[in-house]
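All remarks here apply to the structure that follows.
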Amino acid sequence: MFTTASSRGAASQAQSDSDYVHLLAQLKVLERDNWPPAQTMPSGYGEVQVSELCQRFRLPTVSVINAFRDFVESTVDDAIPAELRPLMNCTRLIPCSTAECES
39 MFTTASSRGA
49 ASQAQSDSDY
59 VHLLAQLKVL
69 ERDNWPPAQT
79 MPSGYGEVQV
89 SELCQRFRLP
99 TVSVINAFRD
109 FVESTVDDAI
119 PAELRPLMNC
129 TRLIPCSTAE
139 CES
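Next up, the structure:
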């Protein structure tokens with residue numbers, strides 16, 4: 039019984055770690071410093087990740103993706119479209135429990 043519980047706990051921790059790494063990868067597309075150079079940026083860059091974040095935070099996907107496209111195409115560093123701001127705000131408010139920090 040101890041071994042079963044122990045292996046479930048390890049599997050659960052591994053899944054949690056994987057989810058965390060995936061979330062960080064999604065968040066990276068929102069930061070200009072993480073973007074590829076404009077000359078090599080693929081069409082539709084970051085749209086899959088933004089869509090997944092919209093689903094996670096229950097935001098309107100189409101309008102946020104359109105705003106993200108505008109953000110990517112913008113040459114002004116501080117210009118964040120209004121429709122993208124709710125997603126940016128959500129990403130700044132991700133809670134972290136002390137139990138997760140202690141493990």
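All the letters of the sequence shown, read from the start, carry residue numbers 39 to 141 under our numbering. Backbone N, C-alpha and C define an ideal beta-carbon position, used for all residues, glycine too.
Between the beta-carbon of L91 and that of L62 there is about 12 Å, and that puts the pair past the 8 Å contact cut. With 16 or more other CB atoms across the displayed protein chains lying within 10 angstroms of its CB, L122 is buried. Going by C-alpha positions, N72 is about 15 Å away from T113. According to the DSSP assignment, D108 belongs to the alpha helix (DSSP H) that extends over T99 to E111.
Residue range E85 to F95 is occupied by the alpha helix (DSSP H) that includes S89.
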